[in-house]
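Peer 1:
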Amino acid sequence: MSRRLLAAALALSFAACPGPGRRDPDRPTAPATAGAQDPPVDAATVAAAKQALLAKHGEAHRARIERGVDQVASLWRVSDGDLVAFVGAQFAAAPADVDALFTRFESQFEQLDGHMLELQRSLRWHTDVDTGAQLALDPLLAAYDPGAGVAEDLFATKVAFAALLNFPLTTLADRIRDGKTYTRRQWAEVRLTGRFDRRIPGDILAEASAAEATGDDYIAHYNLWMHHVLGEDGARRFAKGKRLISHWNLRDELKADYADPDGLAKQRTILKVMDRIVTQSIPRAVIDNPRLDWNPFTNTVTAAPTAEIEADAPADRPTAPDPTREDDVRFAKVLARFAAERKADRHAPTAPTYIARAFDGAEMPEERVRALIVALLESPLAGEAVHEIGGKLGRPLGPQDLWYEFGGGDVPEAELDAETRKRYPTSAAFAGDLPRILRELGFTAEQARTLAANIDVDASRGAGHAMEARRRGDKPHLRTRVEAGGMDYKGYNIAVHELGHNVEQYLSLYEVDHTLLAGVPNTAFTEALAFLFQARDLQLLGRPSRGAEAERLRVLDHYWNTREIAGSALVEIDVWRWLYDHPEATPAELREATVRIARATWDRHYAPYLGGKGDTALLGIYSHTISSPLYLFNYVLGHLIAFQIEEHVHGKDAKTFAAEFTRMARYGAVLPDVWMEHATGAPVSAKPMLDATQRALRDK
């Protein structure tokens, strides 16, 4: 997962209005809220400002003057001072002056963006990267967002108003209507003023950032030692040392168990663990604890026999059995984030809820995203896919088969673990192999060297992520988990995914024409490009392609995986809608609502094919819902976008794949459909995936 969620999922952080501001002590500071004591500027003052500019610059500039003054006035408060004097000093009339102003904004904001990101990376270093035992101070440092007050500062120093005065501010509706006709410079201007379409106080930004950091830290430590998770019959089914983070590793272990003779029993155990996490009936003492045995079926806890305790078991974990459940900590984290976002709502008139800001950040309306999700879930192709899966497994399907892989399971994960651990005993070993990996993917030797030299690899404390750079001269960071015995296959698979993020992050910063366009339209696109790398992970281990059947299974995997996460994304959207309808909810009430919504969504879209009607809450398991809420729909979009891109590059050799990846990544942060039409010739759609799935199901 990309750390670009700091901008897209939060829609509130320094990434939206990046960089430090410096206050002049003699200048008034904008108050945190606009109320009766600090009203908006009156209409007569606005008219006077326009008239003064018209008198100075003439009728030829009327359209720009009226637009610019109105944009400034929409956020100007009486405490900001003399509006007429400000616009008189800051309006650029001559084209050469406008160009110089644009260039200055672009160069300075690159530095602001970049250095603020580097500061936050440093503050979060010991919570994000596995540097050994954490200090009690580290989560406090991680919760501090040095950029939280930047948006407020840029308004207080009037930098924001200078941008709004001179360049056009657009709505999402404007961009959807006109974006295809924008020049690259126009898109860059849109991104400049888009930073200032809301005026959210720094204390609220800081609260949102702290909630995100504490949620992240909570999830980063949510591990289960699987040797101590007992089966329904009380047997140990998992190897010593297997420590799985929720939800990522639990899900990936379940997928890998199809190749295991004891796989079905293991899968059912994992399902029970997931259910206990979502319903919060998991005993808190067993979380990240290899000194206690836990049977999730009976929900009993016992002291682990000394001979079964891991050699590297943390000494500070409890050893006495304690059945006390986690007590809705999971949902308290969500409510902390919700509370911060509600405070921001009144300061964002163009997107007055966190839901609206999440979809506004993605630049795809909720109605359109929901329609794409429903199209996937309601397609009758699910029945045909289930028929094929059942034939392969030779048994009726169950809820665990939500994570079935058409092309997976033919190689035992232990074999892949042994290979990746040998190749990559440390994160440095993976970093050293980057030039070879990139050449195998089709990048030229020179490009591979450049990319590898500009990506840093860190051992992740959590499941893994990519953290981009935001200024030229800095490097993207790749994080993946590396256990004591080396990087297992799960860690390697995540590392290849994150490498896709990093390559996009480098190309879309260093090789884009305007740094104001650095990045991609939304997080779904960087996920899509990362999926392209991840899909080639076995190829990079030297395992040959299996030809036409492998291609058919690839299509079915895309469809089944997208359909799986679509349900969780829909649940998350509906949970946040419930939250806004019940703003005073307690953690227990939120848990009950989440479980109810997850079960209802399962019953409608999954139970007819996988069973489990009435009691399956699996769609609430994703950890993103705690650490980065309203992010999951980006994965659905990412799968659809990745499929369209994969179809575009399918059948092309590695060199062409790399060239097309480079061409697409360099295009930058324009509107999603504009980007996709440039990349593939068509807007974002579920149809290519559904059409290809239908062919794959009928071409056995």
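Residues -12 to 687 (the working numbering) make up the sequence shown, in order. All C-beta atoms, glycine included, are put in the ideal place defined by N, C-alpha and C.
1) What is the DSSP secondary structure of E365, counted as helix, strand or coil?
2) Label A683 either buried or exposed according to how many other C-beta atoms from any shown protein chain fall within 10 Å of its C-beta, with 16 as the threshold for buried.
3) DSSP state of P352, grouped into three classes?
4) Taking the beta strand (DSSP E) that A439 belongs to, which residues open and close that run?
5) Using the rule of at least 16 other Cβ atoms within 10 Å of the residue's Cβ for burial, across every protein chain shown, is P126 buried or exposed?
6) Given a cut-off of 8 angstroms on the beta-carbon distance, is the pair T502 and E97 in contact?
7) Name the DSSP bridge partner or partners of P270?
8) How about A673 and L627: do their beta carbons lie closer than 8 angstroms?
9) With a Cβ-Cβ cutoff of 8 angstroms, do T340 and Y567 count as a contact?
10) Which residue marks the beginning of the alpha helix (DSSP H) containing V288, and which one marks its end?
11) For A47, which three-state DSSP category applies?
12) Please go through the same chain and pick out, in chain order, the residues whose beta-carbon is closer than 8 angstroms to the beta-carbon of A226, but skip the five residues on each side of it.
13) Do L519 and G487 have their C-beta atoms within less than 8 angstroms of each other?
14) Taking the alpha carbon of E427 as the reference point, which residue from I376, P531 and D204 has its own alpha carbon closest?
15) Count the other C-beta atoms from every protein chain shown that fall within 10 angstroms of the C-beta of G370, then say buried if there are 16 or more, exposed otherwise.
16) Extract the residue ranges of the alpha helix (DSSP H) inside the stretch 377 to 436, only unbroken runs of 4 or more that lie entirely within it.
17) For A646, which residues in the same chain have their Cβ closer than 8 angstroms to its Cβ, ignoring the five residues on either side in sequence?
18) Are the beta-carbon atoms of A482 and T467 separated by less than 8 angstroms?
19) If you draw a straight line from the C-alpha of I257 to the C-alpha of R185, how long is it?
20) Could you check what DSSP says for L128 in three-state terms: helix, strand or coil?
21) Using a Cβ-based criterion (distance less than 7 angstroms to any ligand heavy atom), does A72 qualify as near the ligand FMN?
22) Run through the DSSP bridge pairs and tell me what R650 is partnered with.
23) Return the CA-CA distance between A499 and A580, expressed in angstroms with no decimal places.
24) Mapping the DSSP letters down to three states, classify N509 as helix, strand or coil.
25) For H637, which of N441, A537, L156 and L380 has the nearest alpha-carbon?
26) Quick check: what's the CA-CA separation for E46 versus A39?
27) Going by DSSP, name the residue or residues bridged to T467.
28) Count the other CB atoms within 10 Å of the CB of G625; is the residue buried (16 or more) or exposed (fewer)?
29) Do R271 and T306 count as a contact pair if the criterion is CB distance below 8 angstroms?
30) Could you work out which residue in K687, S610 and E664 is closest to G202 when comparing CA atoms only?
31) Select from R182, S109 and D165 the residue whose C-alpha is nearest the C-alpha of F142.
32) Rounded to whole angstroms, what's the CA-CA distance from P508 to T168? Just pull it up for me.
33) Whole alpha helix (DSSP H) runs in the stretch 64 to 145 with 4 or more residues, listed along the chain?
34) For the putative contact between G166 and L658, defined by C-beta atoms under 8 angstroms, what is the C-beta separation to the nearest angstrom?
35) For S366, which residues of its own chain have a beta-carbon under 7 angstroms away from its beta-carbon, when the five flanking residues on both sides are left out?
36) How many angstroms separate the CA atom of L152 from the CA atom of G68?
Peer 2: The answer reads as follows:
1) The residue given as residue 365 occupies position 378 in the sequence shown. Helix at E365.
2) Counting from one through the sequence shown, the residue named residue 683 turns up at place 696. Flag for A683 reads buried.
3) As a first step, residue 352 is located in the sequence shown; it is residue number 365 there, counting from the start. Here P352 sits in coil by DSSP.
4) Here residue 439 refers to the residue found at position 452 when the sequence shown is read from its first residue. That residue, A439, is in no beta strand (DSSP E); its alpha helix (DSSP H) goes A432 to A440.
5) Stepping through the sequence shown from its first residue, residue 126 is reached at position 139. Looking at its Cβ environment, which holds 16 or more other Cβ atoms inside 10 Å, P126 is buried.
6) Here the question's residue 502 lines up with position 515 in the sequence shown. Here the question's residue 97 lines up with position 110 in the sequence shown. It is a contact, given that the beta carbons lie within the stated cut-off.
7) Within the sequence shown, numbered from 1, the residue matching residue 270 stands at position 283. According to DSSP, P270 bridges with R312.
8) The residue given as residue 673 occupies position 686 in the sequence shown. The residue given as residue 627 occupies position 640 in the sequence shown. Yes, they are a contact pair.
9) Translated into positions along the sequence shown, residue 340 becomes position 353. Translated into positions along the sequence shown, residue 567 becomes position 580. Yes, these two residues count as a Cβ contact at 8 angstroms.
10) Position 301 of the sequence shown, counted from the start, is the residue given in the question as residue 288. Counted as a single uninterrupted DSSP element, the stretch harbouring V288 is not any alpha helix (DSSP H) but the beta strand (DSSP E) occupying residues T287 to A290.
11) Start at 1 with the first residue of the sequence shown, and residue 47 comes out as number 60. In the structure shown, A47 sits in a helix (DSSP, three-state: H, G or I).
12) Counted from its first residue, the sequence shown places residue 226 at position 239. Excluding the 5 residues flanking it on each side, A226 has same chain C-beta neighbours closer than 8 angstroms at M213 and H214, in chain order.
13) For this step, residue 519 is matched to residue 532 along the sequence shown. For this step, residue 487 is matched to residue 500 along the sequence shown. Contact: yes.
14) Numbered from 1 along the sequence shown, position 440 holds the residue referred to as residue 427. Here the closest residue by C-alpha is P531.
15) Taking the sequence shown and counting its residues from 1, one reaches residue 370 at position 383. Around the beta carbon of G370, fewer than 16 other beta carbons lie within 10 angstroms, which makes this residue exposed.
16) Within the stretch 377 to 436, the complete alpha helix (DSSP H) runs of at least 4 residues are 400 to 410, 414 to 419 and 421 to 427.
17) Within the sequence shown, numbered from 1, the residue matching residue 646 stands at position 659. Shown here for A646: same chain residues with a beta carbon closer than 8 angstroms to its own, the five before and five after excluded, namely G429 in chain order.
18) Taking the sequence shown and counting its residues from 1, one reaches residue 482 at position 495. Taking the sequence shown and counting its residues from 1, one reaches residue 467 at position 480. Contact flag set, yes.
19) As a working mapping, residue 257 is identified with position 270 in the sequence shown. As a working mapping, residue 185 is identified with position 198 in the sequence shown. Roughly 44 angstroms separates the two Cα atoms.
20) Reading the sequence shown from its first residue, position 141 is the one you call residue 128. DSSP, reduced to helix, strand and coil, places L128 within a helical segment of the structure shown.
21) Summarising the ligand content, the structure contains no ligands, and the ligand FMN is consequently not present.
22) One-based indexing of the sequence shown puts residue 650 at position 663. According to DSSP, which records beta bridges pairwise, R650 is partnered with nothing at all.
23) Counting from one through the sequence shown, the residue named residue 499 turns up at place 512. Counting from one through the sequence shown, the residue named residue 580 turns up at place 593. One point to set straight first is that residue 499 is Val, not Ala, in the sequence displayed. Straight-line Cα distance between these residues: approximately 45 angstroms.
24) If you number the sequence shown from 1, residue 509 lands on position 522. Residue state, collapsed to three classes: coil.
25) Residue numbering aside, residue 637 sits at position 650 when the sequence shown is read from its first letter. Here the closest residue by C-alpha is A537.
26) Here residue 46 refers to the residue found at position 59 when the sequence shown is read from its first residue. Here residue 39 refers to the residue found at position 52 when the sequence shown is read from its first residue. Answer to the nearest angstrom: the Cα atoms are 12 angstroms apart.
27) The residue given as residue 467 occupies position 480 in the sequence shown. DSSP lists A446 and G451 as the bridge partner or partners of T467.
28) Numbered from its first residue, the sequence shown carries residue 625 at position 638. It is buried - the Cβ of G625 has at least 16 other Cβ atoms within 10 Å.
29) For this step, residue 306 is matched to residue 319 along the sequence shown. For this step, residue 271 is matched to residue 284 along the sequence shown. No, the pair does not count as a contact, with Cβ atoms beyond the cut-off.
30) As a first step, residue 202 is located in the sequence shown; it is residue number 215 there, counting from the start. The shortest Cα separation from G202 among K687, S610 and E664 belongs to S610.
31) Within the sequence shown, the letter at position 155 stands for residue 142. For the residues R182, S109 and D165, the minimum Cα distance to F142 belongs to R182.
32) For the purposes of this step, residue 508 is taken as the residue at position 521 of the sequence shown. For the purposes of this step, residue 168 is taken as the residue at position 181 of the sequence shown. Inter-residue distance for P508 and T168 is about 16 angstroms (C-alpha atoms, whole angstroms).
33) Segments of the alpha helix (DSSP H) lying fully in the stretch 64 to 145: 70 to 77, 82 to 110, 112 to 115, 125 to 130 and 137 to 143.
34) If you number the sequence shown from 1, residue 166 lands on position 179. If you number the sequence shown from 1, residue 658 lands on position 671. That belief holds up - the Cβ atoms of G166 and L658 are roughly 4 angstroms apart, short of 8 angstroms.
35) Position 379 of the sequence shown, counted from the start, is the residue given in the question as residue 366. Apart from the 5 residues on each side of it in sequence, S366 sits with its Cβ closer than 7 angstroms to the Cβ of L677 in its chain, given in chain order.
36) As a first step, residue 152 is located in the sequence shown; it is residue number 165 there, counting from the start. As a first step, residue 68 is located in the sequence shown; it is residue number 81 there, counting from the start. Between L152 and G68, the C-alpha separation is close to 15 angstroms.
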